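For the record, the sequence lines run as chains D and X.
Okay, so the first sequence: first residue is 215 according to the working numbering, each after it adds one.
Okay, so the second sequence: first residue is 12 according to the working numbering, each after it adds one.
Glycine included, every Cβ here is placed at the ideal spot set by N, Cα and C.
In this text, all values refer to a predicted model and were calculated from it rather than measured experimentally.
Have a look at the structure below before the remarks.
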Amino acid sequence: MKLAERDSRVFLVVGDLGFGVTEPFAKRFPKRYLNAGVAEQNMTGIAAGLALSGKIVFTYSIANFPILRCLEQIRNDVCYHHANVKVVAVGGGFAYGSLGATHHATEDLAIMRALPEMSVVAPGDPEEAAAATEAVAAHDGPCYLRLGRAGEQKVYTRQINFRLGKAIQLREGSDLTLISTGGMLQTAVETSEALSHKGLQARVLSMHTLKPLDIDAILAAARETDAIFTLEEHSIIGGLGSAVAETLAEFAEREVAFKRFALPSAFACKSGTQEYLRARFGLGVESLTNAIHAASREPRLLAAGASF
Amino acid sequence: MTDSAEFAHHIRTRTLQMINRARSSHIGSSFSMADLLAVLYNGILRVDPERPDWPERDRFILSKGHACASLYVALAKRGFFPDSWLDDFYQDGARLAGHATHVGAPGVEISTGSLGHGLPIGCGMALAAKRDQAAYRVFVMLSDGECDEGSNWEAALFAPHHQLDNLVVIIDYNKIQSLGTVKEVLDLEPFADKWRAFGWAVQEIDGHNLQEIECSLIDLPAKPGKPTCVIAHTVKGKGVSFMEHKLLWHYRSPNSEEMTGAMSELGVRD
Numbered sequence: 215m216k217l218a219e220r221d222s223r224v225f226l227v228v229g230d231l232g233f234g235v236t237e238p239f240a241k242r243f244p245k246r247y248l249n250a251g252v253a254e255q256n257m258t259g260i261a262a263g264l265a266l267s268g269k270i271v272f273t274y275s276i277a278n279f280p281i282l283r284c285l286e287q288i289r290n291d292v293c294y295h296h297a298n299v300k301v302v303a304v305g306g307g308f309a310y311g312s313l314g315a316t317h318h319a320t321e322d323l324a325i326m327r328a329l330p331e332m333s334v335v336a337p338g339d340p341e342e343a344a345a346a347t348e349a350v351a352a353h354d355g356p357c358y359l360r361l362g363r364a365g366e367q368k369v370y371t372r373q374i375n376f377r378l379g380k381a382i383q384l385r386e387g388s389d390l391t392l393i394s395t396g397g398m399l400q401t402a403v404e405t406s407e408a409l410s411h412k413g414l415q416a417r418v419l420s421m422h423t424l425k426p427l428d429i430d431a432i433l434a435a436a437r438e439t440d441a442i443f444t445l446e447e448h449s450i451i452g453g454l455g456s457a458v459a460e461t462l463a464e465f466a467e468r469e470v471a472f473k474r475f476a477l478p479s480a481f482a483c484k485s486g487t488q489e490y491l492r493a494r495f496g497l498g499v500e501s502l503t504n505a506i507h508a509a510s511r512e513p514r515l516l517a518a519g520a521s522f
Numbered sequence: 012m013t014d015s016a017e018f019a020h021h022i023r024t025r026t027l028q029m030i031n032r033a034r035s036s037h038i039g040s041s042f043s044m045a046d047l048l049a050v051l052y053n054g055i056l057r058v059d060p061e062r063p064d065w066p067e068r069d070r071f072i073l074s075k076g077h078a079c080a081s082l083y084v085a086l087a088k089r090g091f092f093p094d095s096w097l098d099d100f101y102q103d104g105a106r107l108a109g110h111a112t113h114v115g116a117p118g119v120e121i122s123t124g125s126l127g128h129g130l131p132i133g134c135g136m137a138l139a140a141k142r143d144q145a146a147y148r149v150f151v152m153l154s155d156g157e158c159d160e161g162s163n164w165e166a167a168l169f170a171p172h173h174q175l176d177n178l179v180v181i182i183d184y185n186k187i188q189s190l191g192t193v194k195e196v197l198d199l200e201p202f203a204d205k206w207r208a209f210g211w212a213v214q215e216i217d218g219h220n221l222q223e224i225e226c227s228l229i230d231l232p233a234k235p236g237k238p239t240c241v242i243a244h245t246v247k248g249k250g251v252s253f254m255e256h257k258l259l260w261h262y263r264s265p266n267s268e269e270m271t272g273a274m275s276e277l278g279v280r281d
């Protein structure tokens with residue numbers, strides 16, 4: 215809303231979702247709001263058309279809806295034309311856990327990351343989310359913004375200096391580094407505290423931007439700490455873990471222990487809250503702490519495949 | 012301004028040369044819309060070749076991007092870029108690729124090639140014009156086969172709902188798609204009724220009658236408050252007798268004998 219106040223080019227196009235969220239915008243800026251109905255291909259094409267006519271357009275829907283069925287529109291109409299469209303998905307990961315697998319956004323980061331011209335941002339808490347929204351609006355070109363859900367608690371207790379493509383370090387430590395993206399930030403912080411009680415000091419990095427990736431921060435962690443663990447509420451294929459693995463494999467100056475914590479490439483067949491489903495797939499603080507602690511005493515555990 | 016008939020003739024002959032030289036496809040699709048393009052680019056579209064980004068320009072979107080050869084010819088003829096670019100069409104390193112490409116090609120609004128993309132984008136542009144109170148119009152050329160794509164129908168619901176009467180859809184209804192006739196593959200009839208039912212102001216014309224084409228486009232919107240849909244009944248491959256009504260010429264590049272035959276029919280010496 216603040217963005218739209220400052221810049222008359224800002225438009226919001228929604229896919230018939232956002233009850234209780236988008237009404238204030240619609241009311242205040244009726245000429246810059248559009249509900250395209252349950253028609254995401256058209257929604258995205260329209261967004262591209264508006265952007266090519268000089269607007270800064272945010273599309274908005276939940277989970278997979280603003281990206282999967284209109285993926286070709288995002289690729290061809292938005293990315294290929296470098297159109298100023300910011301695709302916003304609310305409810306990344308298991309935020310809508312109880313609604314079933316159709317509402318689980320668990321491959322989105324991988325898919326968006328693969329698109330040329332697309333920047334990919336998954337803020338870690340409401341503070342980052344607000345800053346990220348400003349940053350993507352200011353950025354010239356397509357962006358994917360994967361938000362959590364309403365009412366998430368703030369992780370930061372201080373003001374942050376948010377820059378697209380620059381990881382934020384929340385905690386220093388030299389034993390290991392926890393890199394998280396999106397809503398796993400709180401878990402990363404809590405895990406680092408639990409590990410501290412076990413004598414392991416973890417550096418915590420919020421890799422809010424997956425693309426462009428903060429390669430410097432990753433390589434610094436590889437130089438300065440002895441192990442790197444990635445945390446994401448996303449498939450183990452193609453997301454944060456993959457991005458960091460690619461970087462380490464190609465550019466790390468020395469070998470460093472590395473493991474990805476993520477979801478298996480599988481559908482969650484049981485209903486459940488975000489907490490329940492995270493725990494079920496080993497992404498709760500307790501199982502992460504135990505796994506990392508055990509790995510630090512037996513490095514070969516890192517080589518064992520995930521078994522959920 | 013050239014005579015539309017001359018323009019259409021030029022489009023056919025130059026397109027044939029281009030496609031022949033490039034050994035590429037889509038002659039049938041390019042020829043069926045030659046007359047439509049000629050009328051559009053010969054006075055209907057308010058465009059300025061010197062200023063392809065002129066903010067007040069009419070936008071023309073070739074949603075059936077595979078037929079780009081004839082669009083490129085029309086643009087070159089109007090002076091958007093040199094005719095010599097047409098000789099590199101489809102070649103290594105060329106600016107003009109085998110489907111309409113906006114990058115580096117002045118006058119091409121958007122890149123198309125995957126069907127069903129042009130109309131939603133056109134809706135966005137038309138909506139921007141309405142919200143900005145700008146006077147430009149948005150024209151989108153669809154093929155019949157592409158009307159199988161659901162995204163078009165999403166847009167077809169959208170435009171009348173938002174009263175985008177600055178939007179004009181022209182459908183090159185040549186009755187043949189990629190693997191068969193439209194009737195065999197996915198019958199669109201009653202086609203005009205469908206667009207009417209969605210809320211469009213529909214006109215059906217002979218897509219090869221220059222006067223009918225002109226009449227359908229000279230006084231827009233056809234109905235204030237409604238987007239316009241011109242269904243142009245056309246013939247795939249129109250202009251060369253052995254190419255007309257033939258699915259084969261969706262794909263085929265002419266051999267030298269066919270080339271000679273075609274050019275002589277079009278009244279051009281080698």
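key: Residues of its chain near A315 (chain D), where Cβ-Cβ distance is below 8 Å and the 5 sequence neighbours each way are ignored   = F481, A482 and C483
query = In the stretch 64-103 of chain X, which residue ranges form an unbroken alpha helix (DSSP H) of at least 4 residues, counting only runs that do not cross its ends?
reply = 79-89
Whole-angstrom distance between R70 (chain X) and E342 (chain D), CA atom to CA atom = 39 Å
message = Rounded to whole angstroms, what is the Cα-Cα separation between G455 (chain D) and E446 (chain D)?
response = 8 Å
query = Contact check, I270 (chain D) vs N298 (chain D) under 8 Å by CB: the rounded distance?
reply = 5 Å
query = Of the residues that make up the stretch 131-154 of chain X, which ones have a beta carbon closer than 7 Å to any beta carbon in chain D?
reply = P131, I132, G133, C134, G135, M136, L138, A139 and R142
request  = Could you round the C-beta distance between S312 (chain D) and G486 (chain D) to whole angstroms and report it? I think they count as a contact, below 8 Å.
outcome  = 6 Å
query = Within this structure, are the beta carbons of R25 (chain X) and L97 (chain X) separated by less than 8 Å?
reply = yes
key: the stretch 169-184 of chain X touching the stretch 209-219 of chain X, judged by at least three CB pairs closer than 8 Å   = yes
request  = Return the CA-CA distance between C79 (chain X) and G338 (chain D), expressed in angstroms with no decimal places.
outcome  = 46 Å
ask   = With a cut-off of 8 Å, does the C-beta of N278 (chain D) fall near any C-beta of chain X?
value = no
inquiry  = I'd like the list of long-range same chain contacts for F100 (chain X), defined as Cβ closer than 7 Å, with 5 residues on each side in sequence excluded.
reply    = M29, A33, A80, Y83 and L107
key: Cβ-Cβ distance between C284 (chain D) and M257 (chain D) below 8 Å   = yes
message = Looking at chain D, is there any beta carbon in it that lies within less than 8 Å of the beta carbon of A166 (chain X)?
response = yes
Cutoff 8 Å: N298 (chain D) Cβ touching any chain X Cβ = no
query = Could you give the distance in angstroms between the alpha-carbon of V241 (chain X) and the alpha-carbon of K186 (chain X)?
reply = 15 Å
key: Meets three-Cβ-pair contact criterion under 8 Å: the stretch 374-383 of chain D and the stretch 415-422 of chain D   = yes
task = Output the boundary residues of the alpha helix (DSSP H) element that contains S406 (chain D).
result = L399 to H411
task = Report the rounded CA-to-CA distance for A344 (chain D) versus K368 (chain D), giving the unit in angstroms.
result = 11 Å
message = If you follow the alpha helix (DSSP H) that T320 (chain D) is in, where does it begin and where does it stop?
response = No alpha helix (DSSP H) holds T320 (chain D); DSSP gives it neither H nor E.
key: Coil, strand or helix - F150 (chain X) by DSSP   = strand
inquiry  = Strictly below 7 Å CB to CB, what residues from chain X border E286 (chain D)?
reply    = S125
request  = Can you pull the chain D residues whose beta carbon is under 9 Å from the beta carbon of S122 (chain X), in chain order?
outcome  = N290, D291, Y294 and H295
message = Comparing C-alpha positions only, which one of D:L477, D:S222, D:M332 and D:E460 sits nearest to R492 (chain D)?
response = D:L477
message = Quick check on this structure: which residue in X:T239, X:K237 and X:L277 has the alpha carbon closest to the alpha carbon of M254 (chain X)?
response = X:L277
task = Could you tell me the distance, in whole angstroms, from the CA atom of K237 (chain X) to the CA atom of E348 (chain D)?
result = 37 Å
inquiry  = Helix, strand or coil for R106 (chain X)? Go by DSSP, reduced to three states.
reply    = coil
task = Return the residue from the list D:H448, D:A435, D:V301 and D:E489 that minimises the CA-CA distance to A471 (chain D).
result = D:A435
task = Quick one: which residues of the stretch 176-195 of chain X get their C-beta closer than 9 Å to a C-beta of chain D? List them in chain order.
result = none
task = Under 8 Å between beta-carbons, which chain X residues line up against L264 (chain D)? List them in chain order, please.
result = G135, M136, L138 and A139
request  = Report all residues from its chain with a CB closer than 8 Å to the CB of T192 (chain X); omit the five preceding and five following residues, and keep chain order.
outcome  = K186 and L258
Chain D contacts made by the stretch 247-276 of chain X, where a contact means CB separation under 7 Å = none
task = Taking 8 Å as the cut-off, decide whether the C-beta atoms of L217 (chain D) and A351 (chain D) are in contact.
result = yes
key: Spatial distance of E321 (chain D) from F495 (chain D) (CA atoms)   = 15 Å
message = Can you tell me which residues form a DSSP beta bridge with D217 (chain X)?
response = X:H244
task = Using 10 angstroms around the beta-carbon of S222 (chain D), count the other beta-carbons present and answer buried if the total reaches 16, otherwise exposed.
result = exposed
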